[in-house]
Amino acid sequence: MRKLFSSLWILGLATLLIFPLLAWPILYWTDTSWAEVFAIESSQIYSIANFLSAGIIFGLLMIWLTELSYFEDALAKYKNLLSGFKITRFHVVFLSVCAGVGEEIFFRAAVQPICGIVITAIIFVAIHNYYSLKNMKVNIFAGFLTLFIIFLGWGAKEFSIWHAIAGHFSYDLVLLAYYRRTS
2 MRKLFSSLWI LGLATLLIFP LLAWPILYWT DTSWAEVFAI ESSQIYSIAN FLSAGIIFGL
62 LMIWLTELSY FEDALAKYKN LLSGFKITRF HVVFLSVCAG VGEEIFFRAA VQPICGIVIT
122 AIIFVAIHNY YSLKNMKVNI FAGFLTLFII FLGWGAKEFS IWHAIAGHFS YDLVLLAYYR
182 RTS
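Using the working numbering, the letters of the sequence shown correspond one by one to residues 2 to 184.
And the structure:
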């Protein structure tokens with residue numbers, strides 16, 4: 002039971018709770034209801050699978066990039082970020098759900114309508130500390146990630162927030178599962 006309530010558990014819950022709480026005043030200010038945030042048309046439900054697939058494919062692409070010798074030194078800190086944690090299968094799924102739901106509520110529902118898709122994507126990647134003034138190799142990685150986040154932003158705008166959540170969830174799931182097995 003002690004393993005279940007680790008710092009990863011707290012990190013996941015914080016992401017799941019704090020980001021929506023930060024979104025709340027912005028949604029209030031922009032007169033957006035929670036029902037509007039989570040609304041989805043029945044005709045859009047089946048396309049969520051496309052975003053799950055895109056997250057998986059992009060996650061595999063990013064794993065491939067991080068394993069290239071060209072990026073090895075530049076991305077070592079990102080690859081080793083979770084090396085100090087004992088990540089279980091539960092953590093992989095739990096953290097993926099928490100990040101997918103919590104971050105997408107804040108960025109897609111609250112920030113994106115104000116800042117637009119591209120600026121929100123740049124802010125998202127910057128907050129995750131992927132841009133570097135010193136290392137161009139990291140910026141190449143960040144550029145690919147920014148394109149994926151733009152894709153998620155487009156999905157949230159054209160379809161629903163559920164599409165962005167699905168893509169974010171599956172991307173994180175692939176990366177966390179991979180790094181769990183390799184660390």
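Glycine residues also receive a C-beta, built at the ideal position from the N, C-alpha and C atoms.
> Quick one: is Thr16 buried, meaning 16 or more other Cβ sit within 10 Å of its Cβ, or exposed?
Replying inline: As a position in the sequence shown, residue 16 is number 15, starting the count at 1. Counting Cβ neighbours within 10 Å, Thr16 comes out buried, since at least 16 surround it.
>> According to DSSP, simplified to helix, strand and coil, what is Ile162?
In response: In the sequence shown, counting from the first residue as 1, residue 162 sits at position 161. Helix, per DSSP.
> Which of the three DSSP states, helix, strand or coil, is assigned to Phe149?
Replying inline: As a first step, residue 149 is located in the sequence shown; it is residue number 148 there, counting from the start. It is helical.
> What are the boundary residues of the alpha helix (DSSP H) that includes Asn136?
Replying inline: Residue numbering aside, residue 136 sits at position 135 when the sequence shown is read from its first letter. Neither: Asn136 is in no alpha helix (DSSP H) and is coded neither H nor E.
> Between the Cα of Ala157 and the Cα atoms of Ala110, Leu83, Leu76 and Phe86, which residue gives the shortest distance?
Replying inline: In the sequence shown, residue 157 corresponds to position 156, counting from 1. For Ala157, the closest C-alpha among the options Ala110, Leu83, Leu76 and Phe86 is that of Ala110.
> Whose CA, out of Phe149, Leu23, Ile118 and Ser184, lies closest to the CA of Gly168?
Replying inline: For this step, residue 168 is matched to residue 167 along the sequence shown. Of the candidates Phe149, Leu23, Ile118 and Ser184, the one whose C-alpha sits nearest the C-alpha of Gly168 is Phe149.
>> One question on the structure: do Phe170 and Ala100 come within less than 9 Å of each other, judged by their Cβ atoms?
In response: Taking the sequence shown and counting its residues from 1, one reaches residue 170 at position 169. Taking the sequence shown and counting its residues from 1, one reaches residue 100 at position 99. For Phe170 and Ala100, yes; Cβs fall inside 9 Å.
> Just reading off the alpha helix (DSSP H) that Glu105 is part of, what are its end residues?
Replying inline: Looking up residue 105 in the sequence shown gives position 104. For Glu105, the enclosing alpha helix (DSSP H) stretches over residues Arg90 to Glu105.
> Which term fits Val126, buried or exposed, when burial requires 16 or more other beta carbons within 10 angstroms of its beta carbon?
Replying inline: Position 125 of the sequence shown holds residue 126. That one is buried.
> Contact check, Ala24 vs Ile106 under 8 Å by CB: the rounded distance?
Replying inline: For the purposes of this step, residue 24 is taken as the residue at position 23 of the sequence shown. For the purposes of this step, residue 106 is taken as the residue at position 105 of the sequence shown. Going by Cβ atoms, the distance from Ala24 to Ile106 rounds to 5 Å, so yes, they are a contact pair.
>> To the nearest angstrom, how far is the alpha carbon of Arg3 from that of Leu14?
In response: Looking up residue 3 in the sequence shown gives position 2. Looking up residue 14 in the sequence shown gives position 13. Any reading at Arg3 must be qualified, since the residue scores a pLDDT of 48, below 50, and its modelled position is unreliable; no value is offered.
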